[in-house]
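Just below is one structure, and these are the notes that go with it.
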Amino acid sequence: MLTKRLLLLIPLVLVLFLLQSFFWVPTYESQSVGNPGRLRTYIEASIGDAKILNPILNADAASSNIVSRVFEGLLDLDENLNLRGRLATEWSITEGAYLLVNPHHRFPDGHEVTGPQLFQRITQALKAGLIQEMPGMTRPPELLPAGQRMEKVSIVLLDEQGKPRIVEIPLRVEVPERVAFYLTQVDQDLFNRLTPVLGERYFEHFPYEEFIHPQETVDQEVEASLKKKYPEILPAGEHNPTILFRLRQGVKFHDGHVFDAGDVKFTYESIMNPKNLSPRTPDFEPIKHVEILDPFTVRIVYKRLYSPAINAWTMGILPEHLLNEAALTLEKEKRGLSEEAQKTFGMRESQFNRHPIGSGTFQFIEWQGDEFIHLRRFEDYWEGPAQYQDFYMRIIPELFTQEVEFRTGAVDLYGAQPHQVNRYKNDPTYQWFSSLAFAYTYIGYNNRKPLFAEPMIRTALGMAINVDEIIEYLVYGEGERTTGPYPKNTEWYDPSIQPLPYDPQGARDILESAGWKMNADGWLEKNGKIFEFNLITNNGNPIRKNLMTIAQNAWKKIGVKANTQVFEWAVFLNDFVNTGDFDAVVLGWGMTIDPDLYQIWHSSQAGPQQLNFVGYNNPRVDEIIVRIRQEYDRDRQEQLTHELHRLIHEDQPYTFLYAPLSTRVLDKKIVLVEEGPDGQEEYKKIFPIKSGDITFYFHKWRKLEFTPNF
Amino acid sequence: MDQAKPNVPRNAGAVNLDAEGLAPPETPWEEFLRIFKKDYQALLGFLVLVLLLITALAGKALTEWWVVFDPQVVRLTDKFLPPLSVPSPDSIPADRPFAGVYLMGTDELGRDVFARMFQGSFVSLSIGFVAVGISLGIGILLGGLSGFYGHVKLWFITVDTLIMRFTDAMMCFPTFFLILTAVALLPPSIYTIMIIIGLFSWMGTARFVRAEFLSIREQDYVTAAKALGIPEGRIIFRHMVPNALAPVFVSATIGVATAILTESGLSFLGFGVPPPYATWGNILSDGKGFVFDAPGYFHSSPGDFYRRSGL
Amino acid sequence: MWNFIIRNVAQRLILLVIVSFLAHSFIHLAPGEPSEVDPMNPRMKPEDIAKIRAAFHLDDPLYMQYVYWVRDLATGELKSFKDSQPVLPKIWDRFLNSLPLFILATILIWTWAFPTGIYGAVHRGGAYDRLTVFSSYALISVPGFFLSFLAILWVVGWFGVPVISIKTFGMEHAEPIYQAMDRVWHLVIPSIMAAIGGIAILSRYVRSQMLEVLGQDYVRTARAKGLKEDTVIYGHALGNALLPFVTMFGLLLPGLIGGSVIFEQIFAWPGLGRLAFEAILARDFPIIMTLNFIVAVLTLLGTLLSDILYAVVDPRIRLH
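Top to bottom, those sequences are chains A, B and C.
The first sequence: position 235 = 1012 (my numbering), numbered continuously.
The second sequence: position 266 = 399 (my numbering), numbered continuously.
The third sequence: position 300 = 837 (my numbering), numbered continuously.
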């Protein structure tokens, strides 16, 4: 019967056809045979897809990976994590400082404060050496006349449901006479040094109301918030740190357009444009204004002391000619959007974010959602083109399949999981790099809850956990103990601080001394309540889930009952972390080299949606944090960070567990290619820089046809 | 068992029953047995299900009420031991497993896989049974309503049209996707998962029950009951429901397996039953990261158990 | 005939409205906020959030949101919360990626389920029948992701060739025939994995349907006439046994797309399932709703086609 034969034949033929395709697919070894382009192609894998390829808008790891290759900043960090010029060739930081006349204050001798008096006394005191030496003052102070300016302030109020109300108020600001100081280095104690002249409490009772006049009548609530802003609008003592950048000449964007100071200013303005909703605003908000002195010189003046500000200039610079008002108008007309869509059209809606053009080492070619992003080297890069011709970032959502692809040669770099590291270390095909990541894992306690209010209790909970065993067995030695909030491989970390010992008995003693007695069921009890709380974490991270189970089990042994729960990330953040409605969490922080920890540890950052979600509050810590972000001198910053580290360690708001090592595995055939003196190519082994990053010299990487011997 | 699966071709159920229309009177239990006997695999499956039920109850009892097997003890020093191995000598005596042997080895935290499987059997099966219970409840209710009161008019449409169009609409959605969305948006708990799975898998049952009701309504004994003036409620619950249910229950056994599988799929995507509850699904998906390194652990027991529960 | 079609189409249009309404209300009734609105980005200030909420009409009443959604969908200006990209082209791209997988999986299911089921029915109770019955139950009851992992592990372990994603990367400079075959190879394992469950279930149906038909009087008559066994089975019985399966065709799609969430996640396949999963993670409501809606539309189209087909081939159904 024909039907019978067909019924049997069709499936067989189909399957045979499918299976024969196997013979056309290259194995690991035969990848570059008949396909030499493979050696010039680099393929990376990422768990998630990029969201938006725009340096001022992106906020996720995958996007920043691509953006950092396509765009280039004014500065970046060199091998030793010092700043290095990229689009800027030179830069200098100076300060202008202004002291307002406080008409209600009296000098220590009872004399009224007036402009000329103030100026004269300061000049005299400086000459007479009455004032402590002012470092970096090259120019004598000046007295500036009074003036007037108009500005607008927006006030945000939250109603009972947490919905914001935004009020814009126009202001007339009468600026009184003031004394100006010019310094070649930033000095946060400048005004304190003037105390012998000014007397105590010069800044405390400054009559802001006399100088700031709202031009509209506002209700009480608004007025109260507005008044709180007065010291920002017209600071009685104002620091204006200033950065002067000289820009590199002859740099081109990928479309051939020449880069200049206009692009820098445009980038700043785009970040501050409220329509763009840039997540970078906090870093650029302290800027007062950006001035273009000539096409290759820009001056950036800051409103106040904020030392992390300079690091923000490592962010990529946008091409003005493709994104300015004219370009966007052209785009929305071309796309034929409806009227309503046209109204809301802005940089966020632009196709630029999916086809970015920058001035970095690689130019953008193609983006297939959830599949790959393809970049190609930029031949006109000012430092010369990279060795690799093509760069792919593939999106592979499962770690297991990432590894499978790596082992079949369809991905070049693999971040080995802790339990796989040993296997790769012993495999002769691969080279591996292990280094401390800028991150740590911790158990955070909600410091607001009475149960965890005492540092002693938190210390006891930390002592019950055997972190060394966790490091040895859970992460297979791919982690190091950490004791505080800074990355271990920076100067900010104080290595002399000892971690908490593993001492369950000691923990029991501490808890007993705090009144917690063991009851008949084996739980600690005080005033009829047992020591019980919820420990939560986000899903999708097996190590955190396991840490949670380990902690639960360890605490059970000292009579503490922890109930564990895992939540999906968005739920975890919205319902628990952001609202502060949790007992304890297992989480991790990824950090930068910035010593500024304001957002995570300052007590003012403990509100809803803020990062100090554990509600840590220590006035001394607050003070040091503020000093650190106002300090521009590295050595003094280091002293301060060590003190901060010690204080936080003593308080144990978190149980600091470990800083993970990250291990990356590469084929041994991938090497650094350098041009020797005789024009001959030289091969070098890839090495990590101080931060542990191996891709610092990525533009020199290439895959060879043979395995070199080093 | 063969014909008993949601999403059967529309007429299949009705066709089968027509053939049985003249069967001699029998009690529901007898009919249940007869359907099972007709297909030895169904009987086997039923027996396995009973066995699993016993295992599940024993699992609950022995891991939570009288803790003989403690699935929660973490012994990092004993991680990834193969089945039938003994704990390392330096482990704390109190932490040793029952009889001093890891029957199925240990997992990545050194927990006893056997104890976890034992506990998981209760959790997994209760997900299966509760979810199927819910979907049967909804399915029978809607299917019954539309089968029996189908001709009643509400405004301009009949009950039957209303319910069946709703059912059709629900069938258009990709079920797993809907379940995933709901589970991801709701706070994760074992109850959410049970309820959600139940709420989104009643459509097959509803259509099936409707077809049964439509054909039973025309049977002689119902006509006879009506003629005798027996109240409608009594006819439905005393005479029709039991007869319609027997084949439905057969399909429920597969429903249990499907629900357990759905949970394992959710576990794989990270939305399964949260710890500390072990389920077969999350034991299996926890193992996925170690496929190359401890293949034994991944291959071992959960897969087998699935096979048996589905049979 | 036309009457029948028009009535069916009209019914389905009404269904479509119900479906769109269900899709919309279902997602908005669940708690949770789009991630860009209540974001992982902790630096977002309340006023920023207010702006985004307003831009996406999140503070409007539900029915208005429904109206906006329908309007934007119709004008093609519906934007994803996540990256402000238009939703429809995005879904279309992913659909094209998933399509080969769906088609191949469907072909595999239907070409394999029939011979397996028919053979089992014809040789009822034999060793082959027992074996297929057992293995199909075994396959039904093992989670798909578990099988996929095993398959990947074995194929990669033994043969060392790439199996993940649409194609082998780094082959852009190879001969076209190699590239084409490479794409075929990458389809093989995921589509087999996606088809296995379907084959197991469908072959059960085919078997029981076949048994049912083989017990009918006309088959007995045909046999009594002395026709060859093959003619009886393939000539008389098969056609009738296959009839009910025509209706299954349309209802296959939701299952495939639902299942594709897992398979595409494992095989890093940039298709509809991945899109759906990422959208769920990001609370990207426009994508989730539209996707549900489009799948429903496709399913309705599928059932419409199979109903018409069924009406055409089955003489018992009168067209009025």
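A virtual CB, placed ideally from N, CA and C, is assigned to each residue, including glycine.
In terms of CA proximity to residue 738 of chain C, C/672 leads the group C/632, C/554, C/710 and C/672. DSSP places residue 1486 of chain A outside both helix and strand once states are collapsed to three, so it counts as coil.
DSSP, reduced to helix, strand and coil, places residue 911 of chain A outside both helices and strands of the structure shown, so it counts as coil. Contact of residue 248 of chain B with chain A is not assigned, every C-beta pair being separated by 8 Å or more. With a cutoff of 8 Å on beta-carbon distance, residue 864 of chain A and residue 849 of chain A are scored as near each other. Residues of the stretch 956-977 of chain A with a Cβ closer than 7 Å to any Cβ of chain C: none. Following the DSSP letters along the chain, one finds residue 348 of chain B in no beta strand (DSSP E) but inside the alpha helix (DSSP H) bounded by residues 336-350. Between the alpha carbons of residue 681 of chain C and residue 413 of chain B lies a distance of about 14 Å.
Taking every protein chain shown into account, the CB of residue 717 of chain C has fewer than 16 other CB atoms within 10 angstroms, so this residue is exposed. Along the length of the stretch 1356-1383 of chain A, whole alpha helix (DSSP H) runs at least 4 residues long occupy 1375-1378, reported in chain order. The three-state reading of DSSP puts residue 1124 of chain A in helix, counting H, G and I together. For residue 842 of chain C, the three-state secondary structure derived from DSSP is helix. Not a single CB atom of chain B sits nearer than 8 Å to the CB of residue 825 of chain A. As the crow flies, the alpha-carbon of residue 1415 of chain A is around 47 Å from that of residue 239 of chain B. Relative to the Cα of residue 978 of chain A, the nearest Cα in the group A/881, A/901, A/993 and A/1031 belongs to A/881. Each of A/1255, A/1247 and A/1215 was checked against the Cα of residue 1202 of chain A, and the nearest Cα belongs to A/1255. The beta carbon of residue 1163 of chain A sits closer than 6 Å to the beta carbons of 1138, 1154 and 1476 from its chain, once the five residues preceding and following it are set aside; these are given in chain order.
Assignment of residue 1071 of chain A by DSSP, reduced to helix, strand and coil, places it in the strand class. The C-beta of residue 1167 of chain A has 16 or more other C-beta atoms within 10 Å across all chains shown, which makes the residue buried. Note that the C-beta distance between residue 1099 of chain A and residue 1129 of chain A is below 8 Å. In this structure residue 1419 of chain A is buried. Its beta-carbon is surrounded by 16 or more other beta-carbon atoms within 10 angstroms. CA-to-CA, the gap between residue 798 of chain A and residue 654 of chain C works out to about 28 Å. Around the Cβ of residue 1233 of chain A, a 10 Å sphere holds fewer than 16 other Cβ atoms; the residue is exposed. In the DSSP secondary-structure assignment, residue 1315 of chain A is bridged to A/1344. By the Cβ neighbour-count rule, residue 1004 of chain A is exposed, with fewer than 16 other Cβ atoms within 10 Å of its own.
For the alpha helix (DSSP H) assignment, the uninterrupted runs of no fewer than 4 residues enclosed by the stretch 1226-1289 of chain A are, from N- to C-terminal side, 1232-1240.
Between the stretch 1374-1381 of chain A and the stretch 1270-1281 of chain A there are fewer than three C-beta pairs closer than 8 Å, too few to call the two in contact. Only exposed fits residue 640 of chain C, as fewer than 16 other CB atoms lie within 10 angstroms of its CB.
In the displayed model, residue 1224 of chain A falls within coil according to three-state DSSP, outside both helix and strand. Spanning the alpha carbons of residue 608 of chain C and residue 1117 of chain A requires a straight line of approximately 12 Å.
Buried is the label assigned to residue 1079 of chain A, since at least 16 other Cβ atoms lie within 10 Å of its Cβ. Residue 1156 of chain A: not part of any alpha helix (DSSP H); DSSP gives it neither H nor E. Within chain B, no C-beta atom comes less than 8 Å from the C-beta of residue 1058 of chain A; the nearest is roughly 30 Å away.
In terms of beta-carbon proximity, residue 799 of chain A lines the interface with chain C, with at least one pair separated by less than 8 Å. At a cut-off of 8 Å, the C-beta of residue 287 of chain B has no neighbouring C-beta in chain C. Scanning the stretch 1149-1219 of chain A from its first residue to its last, the whole beta strand (DSSP E) runs of 3-plus residues come out as 1149-1154, 1167-1172, 1190-1193 and 1207-1213.
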